[in-house]
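Undergrad:
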Amino acid sequence: MAARRPLRIGLAGIAALYWPVCIAEGVGARRDAKLTSYAALGVSPSVIRDHLGMLPEEFARRYGLTGYDSVEDMLRAEDLDAVALCTRHTEHADWVQRIAPQGKNIFIAKTFTTTMADADRICAAEKRHGIRVAVGPSARHLPWFMAAKRCVDAGRIGTPFSMHVAHHHGTIDVFDTADFYRDPREGGPELSLGWYLVDLVLHFMQRPVTGVSATYGTFTTPGSPFMDCGKMTFRLEGGAMASCDMYFCNRFEFPGWEMEIVGEKGAILVRQSLGDPSGTKVTLATAAGRRDLPLPARGPHWELFWIDDFNASRAPSLSTDHAREVTRICLAARDSARASARRK
Amino acid sequence: MAGGEIRLGVIGMGRRNMASTLTLLPREPGLRYRITAACASRVQDIEQTARSFAVPWWTDDYRALARRPDVDVVCVFSPDHLHFEHCREALRQGKHVVCTKPMVTGLADARELVALVRSRKVKFLVGQTMRFDRQFLAARKHLDDGDLGTPIALESHYVHDMRPVFKATPWRRAVPQDLMFGGCVHCIDVLRALGGEIESVHAVANRGGLQAEFTDNRPGQIRVVLDGRAGQEPDVTSFEPERDLSACGHGATVIRHMRHFQECLDTGNEPSPGVLDGAKSVAVGVAAWESIRTGRSVQPAEVD
């Protein structure tokens, strides 16, 4: 039987700080995928340099890519299996609608969309053209959350009814002043960091969110158009509750993730450690006592898990319907923070 | 009293409740407390309790206790819903007051106690003793030393297996505590103590999901970790759990708490947390309930 060829991927858009390099580096380390090309989408080389940190020619040379201006040119010339979108968040739906008719699977680097109308357009295009659209990354693929989820799914804590998760991040200062991320229309941390947290809540609690309350503040980045510290509280179906802290304000090394999830039979505590030599801990507390859970040796790459899904011709582990729901909740949280009122 | 014995009258004296921790005080070097009177609603119980603690006078009438000239400080450890009338009576009699948490459970009562303390010019200490737990004192020191810079976010959790507490204080079943004032007030006070005044409250609540034991209840080590400083290893302060003979295991904390009160009586300084702190915590709790009902952010009412 002939070996399956590596998944051939093209980038749509390279005027972004993180994703083009992340995907180029990550795919370059795999045998089951190959990044062949990019489409600059009409963005000038100087603007690309402002976002990417290098000119397109240098990017192409460094990763062995063929550059195109339009996505249509790239799709015509390259025998691609998938396109990874690294465009402005407000353009995701437009690009999906342009690429989907070509029958290519698409990865959308979060933020998924900034409006529900855009989310609906993506979901509709995916269904109409029979392609698969994956959205990511997802913190659920991080080893400590995988260990926790395995434990929850095994029923070790019973049915979860309360959860808290915190994510500590750097600051908006990593983005150049010209970066599109700084444009409030692109959603900011309310959608990009909120994405991780809401995804985790839905992933672990397995219940719809029925109510959202949020409080946002700006403390360490006075020039920022966004909040840099946010707290979201969720009411879930059946009376369960969850809360999330997102910090976009840390100028120091700090554990990136913390979580506690409580069920009627036990609790799981997660604390990722960057500096503490005792390391990252996932602790299960039950009537039998406390014990630290082993972390999985390996799992899906937390940023490139979609390559596994596309190669296996299976539904992405983060579907567009899920991404739509995450977006709906993040937008409700932002609305709640602005109005100081709970939102459904 | 200045420099001399400080005579305590304890309302709500029991052999296994928090009031029993006061019996540790006379043995502590430097403390000048002595329990001279005790009160509880069941006269047979209070006689037995008073005898076991060598308290010379006992009653089932809190007013009689508050009137006694050999009582300098009335310590209120009665059920939550009785705190107000017991504190008010003590203040009307011109006594200093130590009141276990929650100070009261309503805004009007809180405001009246604030006014009474001011008009009578007495000292009032709220029994939010967690401020005096070593881990919170360690956190306080980190804040005061500027190790964190200006705090921008605080988080406080309180998880309590209440079953042993129900056995020691059966009134909690007869007159169920308001969770906000019986439990959440611990978190509220810690947040206020470390973070300052609370401007608005947004709260959600759930009822009764927890059915089975999941804590091992074995004493564990307590750690205060100062982490995340650029280029520096985490600063870890570890404590073994404090052991003492008090029923609730809070004896060492109560001793620090009451040492602070003695210093306030001697120096004239205001106790912390004082009556205004207690009132503000009540206002936060009231706002939290309103937020739960309405789904809106609520500003705590003025109590000053």
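Protein chains in written order, with my numbering: chain A, 1172 to 1515; chain B, 10 to 313.
Backbone N, C-alpha and C define an ideal beta-carbon position, used for all residues, glycine too.
Everything numeric in this text was worked out from a predicted model, so none of it was measured.
1. Within the continuous beta strand (DSSP E) that includes A/Thr-1384, where are the two ends?
2. By alpha-carbon positions, which one of B/Gly-258, B/Ile-15, B/Asp-187, B/Ala-59 ends up nearest to B/Trp-298?
3. Look up B/Cys-84 in the DSSP assignment and say whether it is helix, strand or coil.
4. Tell me which residues of the region 1386-1397 of chain A have at least one Cβ-Cβ distance to chain B shorter than 8 angstroms, keeping chain order.
5. Could you compute how far the alpha carbon of A/Val-1383 sits from the alpha carbon of B/Ser-300?
6. Does any residue of chain B have a CB that is nearer than 9 angstroms to the CB of A/Arg-1513?
7. Which chain A residues sit within Cβ distance under 9 angstroms of B/Val-293?
8. Just to confirm my understanding: we take A/Ser-1444, look at its own chain, exclude 5 residues before and 5 after, and list those with CB closer than 8 angstroms. What are they?
9. Less than 6 angstroms between C-beta atoms, sequence neighbours within five positions excluded: which residues of the same chain meet that for B/Thr-32?
10. Exposed or buried, which one is B/Ala-73 when buried takes at least 16 other CB atoms within 10 Å?
11. If you draw a straight line from the alpha carbon of B/Ile-44 to that of B/Pro-280, how long is it in whole angstroms?
12. Can you give, in chain order, each stretch of the alpha helix (DSSP H) that sits fully within the region 130-155 of chain B and has at least 4 residues?
13. Give me the Cα-Cα distance between A/Arg-1505 and B/Ser-50, rounded to the nearest whole angstrom.
14. Can you name the residues of chain B whose CB is closer than 9 angstroms to the CB of A/Thr-1404?
15. I'd like the list of long-range same chain contacts for B/Glu-14, defined as Cβ closer than 6 angstroms, with 5 residues on each side in sequence excluded.
16. Skipping 5 residues on each side, what residues in its chain have a beta carbon closer than 7 angstroms to that of A/Gly-1470?
17. DSSP three-state label for B/Thr-224, please.
18. So B/Ile-161 contacts chain A; which residues on that side make the cut at Cβ distance below 9 angstroms?
19. Could you give the residue range of the beta strand (DSSP E) that holds A/Asp-1162?
20. So does the region 1422-1441 of chain A actually touch the region 1326-1336 of chain A, counting three or more Cβ pairs closer than 8 angstroms?
21. Starting from A/His-1335, trace the beta strand (DSSP E) both ways and give me its first and last residue.
22. Given a cut-off of 9 angstroms, decide if A/Ile-1302 and A/Ile-1279 are closer than it, judged by their beta-carbon atoms.
23. By a C-beta neighbour count over all protein chains shown, 10 Å radius and 16 as the cutoff for buried, is A/Ala-1459 buried or exposed?
24. Taking the beta carbon of B/Asp-79 as the centre, do at least 16 other beta carbons fall within 10 Å, making it buried, or is it exposed?
25. Along the beta strand (DSSP E) that carries A/Asp-1463, what are the first and last residues, could you check?
26. For the region 1215-1298 of chain A, which segments carrying the alpha helix (DSSP H) assignment without a break, of at least 4 residues, lie completely within its bounds, in sequence order?
27. Output needed in chain order: residues of the region 144-160 of chain B with a Cβ under 7 angstroms from some Cβ in chain A.
28. What is the rounded straight-line gap between the Cα of B/Asp-170 and the Cα of B/Lys-176?
29. Could you give the DSSP three-state label for A/Glu-1435: helix, strand or coil?
30. Tell me which residue opens and which closes the beta strand (DSSP E) that A/Cys-1400 is part of.
31. I'd like to know whether the C-beta of A/Tyr-1189 is nearer than 9 angstroms to at least one C-beta of chain B.
32. Quick check on the DSSP output: the alpha helix (DSSP H) that includes A/Asp-1370 runs from which residue to which?
33. CA-CA distance, A/Cys-1193 and A/Leu-1455?
34. Taking only beta-carbon atoms, is B/Thr-224 less than 9 angstroms away from chain A?
35. Would you call A/Thr-1348 buried or exposed, if buried means 16 or more other Cβ atoms sit within 10 Å of its Cβ?
36. Terminal residues of the continuous alpha helix (DSSP H) containing A/Ala-1319?
TA: In short:
1. The residue labelled residue 1384 of chain A in the question sits at position 213 within the first sequence. Just to set this straight, residue 1384 of chain A is Ser in the shown sequence, not Thr. Its beta strand (DSSP E) spans residues 1380-1388.
2. Indexing the second sequence from 1 puts residue 298 of chain B at position 289. Nearest option by C-alpha distance: B/Asp-187.
3. Here residue 84 of chain B refers to the residue found at position 75 when the second sequence is read from its first residue. If DSSP states are grouped into helix, strand and coil, B/Cys-84 belongs with the strands.
4. Thr-1386, Gly-1388, Phe-1390, Thr-1391
5. Counted from its first residue, the first sequence places residue 1383 of chain A at position 212. Counted from its first residue, the second sequence places residue 300 of chain B at position 291. Spanning the two alpha carbons is a distance of roughly 13 angstroms.
6. As a working note, residue 1513 of chain A is residue 342 in the first sequence. Taking Cβ atoms only, chain B reaches closer than 9 angstroms to A/Arg-1513, which makes this a yes.
7. Start at 1 with the first residue of the second sequence, and residue 293 of chain B comes out as number 284. Per Cβ cutoff of 9 angstroms: no residues; B/Val-293 is ~15 angstroms from chain A at best.
8. The residue labelled residue 1444 of chain A in the question sits at position 273 within the first sequence. For A/Ser-1444, where only same-chain residues beyond five positions count, the Cβ hits under 8 angstroms are Pro-1426, Gly-1450, Thr-1451, Lys-1452.
9. Counting from one through the second sequence, the residue named residue 32 of chain B turns up at place 23. Excluding residues within five positions, the ones whose Cβ falls inside 6 angstroms are Phe-62.
10. Numbered from its first residue, the second sequence carries residue 73 of chain B at position 64. Exposed: under 16 other Cβ atoms inside 10 Å.
11. Within the second sequence, numbered from 1, the residue matching residue 44 of chain B stands at position 35. Within the second sequence, numbered from 1, the residue matching residue 280 of chain B stands at position 271. Approximately 20 angstroms between the Cα atoms of the pair.
12. 143-153
13. Stepping through the first sequence from its first residue, residue 1505 of chain A is reached at position 334. Stepping through the second sequence from its first residue, residue 50 of chain B is reached at position 41. Between A/Arg-1505 and B/Ser-50, the C-alpha separation is close to 52 angstroms.
14. Position 233 of the first sequence, counted from the first residue, corresponds to residue 1404 of chain A. Near A/Thr-1404 (Cβ distances below 9 angstroms), the residues of chain B are His-211, Ala-212, Val-213.
15. Along the second sequence, read from residue 1 onward, the residue named residue 14 of chain B stands at position 5. Excluding positions up to five away in sequence, the list reads Arg-41, Arg-43.
16. Within the first sequence, the letter at position 299 stands for residue 1470 of chain A. Same-chain partners within the cutoff: His-1312, Pro-1314, Met-1317.
17. Numbered from 1 along the second sequence, position 215 holds the residue referred to as residue 224 of chain B. With a pLDDT of 49 at B/Thr-224, under the threshold of 50, the predicted position of this residue should be treated as unreliable, and no value is reported.
18. Taking the first residue of the second sequence as 1, we reach residue 161 of chain B at position 152. Per Cβ cutoff of 9 angstroms: Gly-1388, Phe-1390, Thr-1391, Asp-1399, Cys-1400, Tyr-1418, Cys-1420.
19. It is not possible to answer for residue 1162 of chain A, since the shown part of chain A is limited to 1172 through 1515.
20. yes
21. Within the first sequence, numbered from 1, the residue matching residue 1335 of chain A stands at position 164. Unbroken beta strand (DSSP E) run through A/His-1335: 1331-1339.
22. Residue 1279 of chain A sits at position 108 when you count from the first residue of the first sequence. Residue 1302 of chain A sits at position 131 when you count from the first residue of the first sequence. In this structure, A/Ile-1302 does not lie closer than 9 angstroms to A/Ile-1279 by Cβ.
23. Along the first sequence, one-based indexing puts residue 1459 of chain A at 288. Counting Cβ neighbours within 10 Å, A/Ala-1459 comes out exposed, since fewer than 16 surround it.
24. For the purposes of this step, residue 79 of chain B is taken as the residue at position 70 of the second sequence. Exposed is the call here.
25. As a position in the first sequence, residue 1463 of chain A is number 292, starting the count at 1. Element bounds for A/Asp-1463: 1460-1463.
26. 1216-1223, 1227-1234, 1242-1248, 1263-1270
27. none
28. As a position in the second sequence, residue 170 of chain B is number 161, starting the count at 1. As a position in the second sequence, residue 176 of chain B is number 167, starting the count at 1. Each residue's alpha carbon lies about 12 angstroms from the other.
29. Counting from 1 along the first sequence, the entry for residue 1435 of chain A is found at position 264. It is coil, neither helix nor strand.
30. Mapped onto the first sequence, residue 1400 of chain A falls at position 229. 1400-1407 is the span of the beta strand (DSSP E), which, as asked, contains A/Cys-1400.
31. Position 18 of the first sequence holds residue 1189 of chain A. Chain B, which has no Cβ nearer than 9 angstroms to the Cβ of A/Tyr-1189, makes this no.
32. Working through the first sequence from its first residue, we reach residue 1370 of chain A at position 199. First-last of the alpha helix (DSSP H) with A/Asp-1370: 1359-1376.
33. Residue 1193 of chain A sits at position 22 when you count from the first residue of the first sequence. Residue 1455 of chain A sits at position 284 when you count from the first residue of the first sequence. Rounded to the nearest angstrom, the two C-alpha atoms are 33 angstroms apart.
34. Position 215 of the second sequence, counted from the start, is the residue given in the question as residue 224 of chain B. For B/Thr-224, the pLDDT reaches just 49, beneath the cut-off of 50, and the residue's location in the model is therefore unreliable, although a value from the coordinates is still provided. It does; some Cβ of chain A falls within 9 angstroms.
35. As a working note, residue 1348 of chain A is residue 177 in the first sequence. Exposed, by the Cβ-count rule.
36. Your numbering for residue 1319 of chain A matches position 148 in the first sequence. It spans 1314-1324 - the alpha helix (DSSP H) in which A/Ala-1319 sits, taken as one unbroken run.
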